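Q: Chains as they are written, first to last, in numbering that gives the first Met the number 0: chain W, 0 to 504; chain Z, 0 to 313.
Once you've had a glance at the structure underneath, I'll fire off some questions.
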Amino acid sequence: MKARMIRLILVAGLIVFGMPLAAGGASSVIKIGMISDIKSFDPAHLGDPNAELVGHSIYNYLVRFGPGSTEIEPDLATRWETSSDGKVITFHLRKGVNFHKGFGEFTAEDAKFSIERHLDPNVKSRFLGVVKEVEKVEAVGSHTLRIHFKAPNPSFLTNFLAFGSGWMLSKKAVEKFGSKYDFNPVGTGPFIYESYQRGTKVVVTKNQDYYKGPPKLSRVEFIPIPESAVSYAAVQSGDVDLIYTRSKTIYGRAKKNTDLKVMTAPALTVRQLYLNTNRGPMKDVRVRRAIAHAIDRKQLLVHVLGNTGIVGDSILNPNHFGYTNDIKQYPFDPARAKKLLSEAGFPNGFEMTFVYPLIPPDFELAPAIAGFLGKVGIKVKLEGVERVAFHTRVGQGGYDMLIIGLTRPPDPDNYLTVAFYSPNRPPGQNHSYYGNADKLIERARVELDRARRKEIYINIQKMAAEDMPTIPIYYPYSIAVMRKNVKGHVVGIFNFWDIYPMSLD
Amino acid sequence: MRRGLVRLAISLPPTLLGVLTIVFLITRLIPGDPARVILGELATPEALREMRHLLGLDQPVYIQYLKFLGDLLQGDLGTSLRTQASVLDEILRVFPYTLELSVAALIVSAILGVPIGIFSAIRRNTAGDFLSMAIALLGVSAPVFWVGILLILVFSLGLGWFPVIGAGSHDDLGKLLHHLALPAIALGTLNTGLMARLTRSTMLDVLGEEYVRTARSKGLSERVVIWRHALRNALIPIITLMGLNLGRLMGGAIVTETVFARAGLGRLLVDSIFARDYPQVQAVVAFFAVVFILVNSLVDLSYTYIDPRIETDA
Numbered sequence: 000m001k002a003r004m005i006r007l008i009l010v011a012g013l014i015v016f017g018m019p020l021a022a023g024g025a026s027s028v029i030k031i032g033m034i035s036d037i038k039s040f041d042p043a044h045l046g047d048p049n050a051e052l053v054g055h056s057i058y059n060y061l062v063r064f065g066p067g068s069t070e071i072e073p074d075l076a077t078r079w080e081t082s083s084d085g086k087v088i089t090f091h092l093r094k095g096v097n098f099h100k101g102f103g104e105f106t107a108e109d110a111k112f113s114i115e116r117h118l119d120p121n122v123k124s125r126f127l128g129v130v131k132e133v134e135k136v137e138a139v140g141s142h143t144l145r146i147h148f149k150a151p152n153p154s155f156l157t158n159f160l161a162f163g164s165g166w167m168l169s170k171k172a173v174e175k176f177g178s179k180y181d182f183n184p185v186g187t188g189p190f191i192y193e194s195y196q197r198g199t200k201v202v203v204t205k206n207q208d209y210y211k212g213p214p215k216l217s218r219v220e221f222i223p224i225p226e227s228a229v230s231y232a233a234v235q236s237g238d239v240d241l242i243y244t245r246s247k248t249i250y251g252r253a254k255k256n257t258d259l260k261v262m263t264a265p266a267l268t269v270r271q272l273y274l275n276t277n278r279g280p281m282k283d284v285r286v287r288r289a290i291a292h293a294i295d296r297k298q299l300l301v302h303v304l305g306n307t308g309i310v311g312d313s314i315l316n317p318n319h320f321g322y323t324n325d326i327k328q329y330p331f332d333p334a335r336a337k338k339l340l341s342e343a344g345f346p347n348g349f350e351m352t353f354v355y356p357l358i359p360p361d362f363e364l365a366p367a368i369a370g371f372l373g374k375v376g377i378k379v380k381l382e383g384v385e386r387v388a389f390h391t392r393v394g395q396g397g398y399d400m401l402i403i404g405l406t407r408p409p410d411p412d413n414y415l416t417v418a419f420y421s422p423n424r425p426p427g428q429n430h431s432y433y434g435n436a437d438k439l440i441e442r443a444r445v446e447l448d449r450a451r452r453k454e455i456y457i458n459i460q461k462m463a464a465e466d467m468p469t470i471p472i473y474y475p476y477s478i479a480v481m482r483k484n485v486k487g488h489v490v491g492i493f494n495f496w497d498i499y500p501m502s503l504d
Numbered sequence: 000m001r002r003g004l005v006r007l008a009i010s011l012p013p014t015l016l017g018v019l020t021i022v023f024l025i026t027r028l029i030p031g032d033p034a035r036v037i038l039g040e041l042a043t044p045e046a047l048r049e050m051r052h053l054l055g056l057d058q059p060v061y062i063q064y065l066k067f068l069g070d071l072l073q074g075d076l077g078t079s080l081r082t083q084a085s086v087l088d089e090i091l092r093v094f095p096y097t098l099e100l101s102v103a104a105l106i107v108s109a110i111l112g113v114p115i116g117i118f119s120a121i122r123r124n125t126a127g128d129f130l131s132m133a134i135a136l137l138g139v140s141a142p143v144f145w146v147g148i149l150l151i152l153v154f155s156l157g158l159g160w161f162p163v164i165g166a167g168s169h170d171d172l173g174k175l176l177h178h179l180a181l182p183a184i185a186l187g188t189l190n191t192g193l194m195a196r197l198t199r200s201t202m203l204d205v206l207g208e209e210y211v212r213t214a215r216s217k218g219l220s221e222r223v224v225i226w227r228h229a230l231r232n233a234l235i236p237i238i239t240l241m242g243l244n245l246g247r248l249m250g251g252a253i254v255t256e257t258v259f260a261r262a263g264l265g266r267l268l269v270d271s272i273f274a275r276d277y278p279q280v281q282a283v284v285a286f287f288a289v290v291f292i293l294v295n296s297l298v299d300l301s302y303t304y305i306d307p308r309i310e311t312d313a
């Protein structure tokens, strides 16, 4: 009996300790950690940066952003022309590009289908608000596509086509899979979708027939790791080769770890305070300017945010077309803040409600900001709300200030329309109830001359810097932490980075 | 045993209905809008209204409840608002991972906790006893996520013996067990402490019994007295604890599955709550309830095997 017990323990030990950890297969297999699981691979239902990350390797676009750039370059469209009135864009499509899994050649019919389906109410596309400016989509022959707009739309390429919303789908595949298409994506990209085990991993494999040439990697596994400390442990141990993060803790540690390398790129996010210009003391611009002077953004960036970005100095992100910081600035100056409050009739300060989502870094930023405001006499009632419930809570009103990070495409029309255009006041996303820039936003939207358009966006920034409906806190970096043997990783300015050129040493 | 089965058959449906009703109401009371989760932050009010209508969420709560009951009577637990897949299919897909983790944690806690408890009882009021109970107290007090991260730091990153994340594959037993080891230890920590303390307590009771004194006076070795006579009688409350804790371990697997990035019922439940996926949340909670009731009933029924004198009375 005793001998049998010992044998049993030895066998169990051998199984547990002795079996070799399966390596990722061949060295051309890379494992990438994702923050959360995928909601859908259907561009109409695109709901998270992880789906964009994976989809970016499966699909192509008509036009796409160049590596690490906000400039558009050809993809499945080799060239394009805009009519003189700006209402028609004609795309000439690349020939001989095939969809995965035998779904045939990519044609203008597929491109037409890919765009038009966003307009179909049964599809329930998240991008209906953007694509409703399209009047008609024509397939002219097999490889020419013509899009007609209701009004000139210079931002359509950057704000729709070059994003996940613009992924080119196989009409046959979507019709075949129907409602199951969310998890049966078929594209023309460098990798072919193989499988998805929810909570475990997504697997894509090399597309030998990719039009730019097959990728170096034979296989990519995307693994959801919800806990950020564990994702860092996983990349340290080699369980994954690459993770993306915005965590200051991971950023700080990874920079010192000699087994890893860290790449950063400015994201397109603006994290800012929205001041409710419709309510109480916030109606007075002097109060809003006082709040801007009361907060030391440099200190916040160093001590709360761990230098994971750059200080905000405009409502636009530096990667937005038309960005400028040659506008009125509000350096940290508590004395000036108190003087402005006094002029506004609040010499002893006032009370306010500050609502923030319970996500990093906001649950650290909010108390720190409240601390700065307390020093100039503003008593802040903090109200932290779970992320999913945040917009419902905000929609109920009753707040003086919010903090939100908004990531929108590099053409500022979408971002300004969402956050500063008066028709989008709550229940929309214009949380500060701002409306002074409406006419300028409308003019810029249809302006075809690039230089004039830029001038309008500069004027909008100057106006916002005077009115202070929002206070930009910082522009976060997008951070990639990877094993040293990961090569060819191209810096990108969005949440997804290009896997196609990557390889493993 | 037959009476026990009849009692189970009678009590299960109303218990389940009660659990489902409570979950149904709670999910609709917490703030957050499933339509907004599905359509995104930039959804227009019209689109949100339409989505709520499609999901039936614009109906009064009592109408939604009646529809829910009607579907339930037809055996339809619904489809996930997120994935459109059958909620039961989603549960059955991940349940094996949670089951294997919970069973492994139970085994680990029994292997560690029972001997610690026996040792402590035998060495009562000695340094060995105090040290054993200190270890048990640590097990009971240490949060699972802290234990999990500590195990990762030491055994994965430090020694490189175990992987950090994942559940392995059901096609490869070795890899499966390799991935299971640390999560099972982490999840089993609390139970180890409870088992050790309970074992010590019940062993002390049993070791004081007359028949144990008789066994010793007959010249039987201490090992035989402990393992063959005393422990068997001490087993009943220990088995009860193990049975009750299997259900609790499955619920507690939420944290372990998140820390170790394992698929499982716990993670499915958390993801569904964050997504306000009401049908999925209801289905997972109902599933936990059924498993809990069945396991507890099996524990009751097992008494008659261990001690045929025990009848499971109504």
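Every residue, glycine too, gets a C-beta built ideally from N, C-alpha and C.
Bear in mind the structure is a predicted one, so any value in this text is a computation, not a measurement.
#1: Please determine, among Z:D128, Z:I184, Z:G165, the residue with the shortest C-alpha to C-alpha distance to L150 (chain Z).
#2: State yes or no: is the beta carbon of F118 (chain Z) nearer than 8 Å to at least one beta carbon in chain W?
#3: Could you round the C-beta distance between D32 (chain Z) and T391 (chain W) to whole angstroms and report it? I think they count as a contact, below 8 Å.
#4: Considering only residues of the same chain and omitting the five flanking positions on each side of R288 (chain W), which have a CB-CB separation below 6 Å?
#5: 8 Å is my cut-off, CB to CB: does I90 (chain Z) come that close to chain W?
#6: Ordered along the chain, which non-local residues of its own chain (more than five positions away) have a Cβ less than 7 Å from that of N318 (chain W)?
#7: Do we get a CB-CB distance below 8 Å when we pair D36 (chain W) with the residues of chain Z?
#8: Y60 (chain W) to T143 (chain W), Cα distance in whole Å?
#9: According to DSSP, is P182 (chain Z) part of a helix, a strand, or is it coil?
#10: Is L16 (chain Z) buried or exposed, if buried means 16 or more other CB atoms sit within 10 Å of its CB?
#11: Using a C-beta cutoff of 8 Å, does G77 (chain Z) count as contacting chain W?
#12: According to DSSP, simplified to helix, strand and coil, what is R2 (chain Z)?
#13: What's the call for A150 (chain W), buried or exposed, on a 16-neighbour Cβ count within 10 Å?
#14: Mapping DSSP to helix, strand and coil, what is Y192 (chain W)?
#15: In whole angstroms, what separates the C-alpha of A138 (chain W) from that of F98 (chain W)?
#16: From the DSSP secondary-structure annotation, give me the bridge partner or partners of M351 (chain W).
#17: Return helix, strand or coil for F105 (chain W), following the three-state DSSP convention.
#18: Rounded to whole angstroms, what is the Cα-Cα separation between R285 (chain W) and A293 (chain W)?
#19: Buried or exposed for I21 (chain Z), please, with buried defined as at least 16 other CB atoms from any protein chain shown within 10 angstroms of its CB.
#20: Going by DSSP in three states, Y243 (chain W) sits in which element: helix, strand or coil?
#21: So, P356 (chain W) versus V384 (chain W), is the Cβ gap smaller than 8 Å?
#22: What are the boundary residues of the beta strand (DSSP E) that includes Q271 (chain W)?
#23: Beta carbons nearer than 9 Å to chain Z: which residues of the region 426-443 of chain W have them?
#24: So, helix, strand or coil for F273 (chain Z), using DSSP?
#25: When you compare only the Cα positions, how much space is there between H117 (chain W) and L216 (chain W)?
#26: Identify each residue in the region 207-229 of chain W for which the Cβ-Cβ distance to at least one residue of chain Z is less than 9 Å, and report them in chain order.
#27: Straight-line CA distance for A104 (chain Z) to A180 (chain Z)?
#28: With DSSP collapsed to three states, give me the class of N277 (chain W).
#29: For I327 (chain Z), which residues from the same chain have a beta carbon less than 8 Å from its beta carbon, with the 5 sequence-adjacent residues on both sides left out?
#30: Tell me which residues of the region 125-155 of chain Z have at least one Cβ-Cβ distance to chain C shorter than 9 Å, keeping chain order.
#31: Quick check: the region 433-446 of chain W against the region 409-425 of chain W, are at least 3 beta-carbon pairs closer than 8 Å?
#32: Does the region 74-84 of chain Z come close enough to the region 161-169 of chain Z that 3 or more CB-CB pairs lie under 8 Å?
#33: Along the chain, where does the beta strand (DSSP E) that runs through F221 (chain W) open and close?
#34: Just checking: is the beta-carbon of E40 (chain Z) within a distance shorter than 8 Å of some beta-carbon in chain W?
#35: In its own chain, which residues sit with a C-beta less than 8 Å from the C-beta of I71 (chain W), not counting the 5 before and 5 after it?
#36: Enumerate in chain order the residues of its own chain whose CB-to-CB distance from V219 (chain W) is below 7 Å, with the five nearest sequence positions on each side excluded.
A: Considering the structure as presented:
#1: Here the closest residue by C-alpha is Z:I184.
#2: It does not: the Cβ of F118 (chain Z) has no partner Cβ on chain W nearer than 8 Å.
#3: Yes, they are in contact, since the Cβ atoms of D32 (chain Z) and T391 (chain W) sit about 5 Å apart, within 8 Å.
#4: The residues are L339, M467.
#5: Judged by the 8 Å Cβ criterion, I90 (chain Z) is not in contact with chain W.
#6: These residues qualify, in order along the chain: T69, P265, L267, P409, I492.
#7: Output row for D36 (chain W): interface = yes.
#8: Rounded to whole angstroms, Y60 (chain W) and T143 (chain W) show a C-alpha spacing of 15 Å.
#9: If DSSP states are grouped into helix, strand and coil, P182 (chain Z) belongs with the helices.
#10: Classification of L16 (chain Z): exposed, given that the 10 Å Cβ count is below 16.
#11: Taking Cβ atoms only, chain W never reaches closer than 8 Å to G77 (chain Z), which makes this a no.
#12: Look at R2 (chain Z) here: in three-state DSSP terms it is helix.
#13: Burial call: exposed.
#14: In the structure shown, Y192 (chain W) sits in a strand (DSSP, three-state: E or B).
#15: Distance between the alpha carbons of A138 (chain W) and F98 (chain W) is about 18 Å.
#16: Looking at the DSSP assignment, M351 (chain W) forms a beta bridge with W:V379.
#17: F105 (chain W) falls in the coil class under three-state DSSP.
#18: Roughly 12 Å separates the two Cα atoms.
#19: Residue environment for I21 (chain Z): exposed (fewer than 16 other C-beta atoms within 10 angstroms of its C-beta).
#20: Strand, per DSSP.
#21: For the pair P356 (chain W) and V384 (chain W), the CB atoms are nearer than the 8 Å cut-off.
#22: 268-274 is the span of the beta strand (DSSP E), which, as asked, contains Q271 (chain W).
#23: Of all residues in the region 426-443 of chain W, P426, G427, Q428 have a Cβ within less than 9 Å of some Cβ in chain Z.
#24: Looking at F273 (chain Z) - three-state DSSP - the assignment turns out to be helix.
#25: H117 (chain W) and L216 (chain W) have their C-alpha atoms roughly 33 Å apart.
#26: Among the residues of the region 207-229 of chain W, those with a Cβ less than 9 Å away from any Cβ of chain Z are I222, P223, I224, P225, E226, A228, V229, in the order of the chain.
#27: Taken atom to atom, the span from the alpha-carbon of A104 (chain Z) to that of A180 (chain Z) is near 9 Å.
#28: Coil, per DSSP.
#29: The question about residue 327 (chain Z) has no answer here: the residues shown for chain Z are numbered 0 through 313.
#30: The structure shown has no chain C; the protein chains it does contain are W and Z.
#31: In short, these stretches touch, since the Cβ pair count reaches three.
#32: Verdict: no, contact absent.
#33: 218-223 is the extent of the beta strand (DSSP E) around F221 (chain W).
#34: True, the Cβ-Cβ gap to chain W drops below 8 Å.
#35: Same-chain partners within the cutoff: V62, R63, F64, G65, L156, T157, A161.
#36: Cβ neighbours of V219 (chain W) beyond the five flanking positions: I29, I31, S56, F190, V203, I498.
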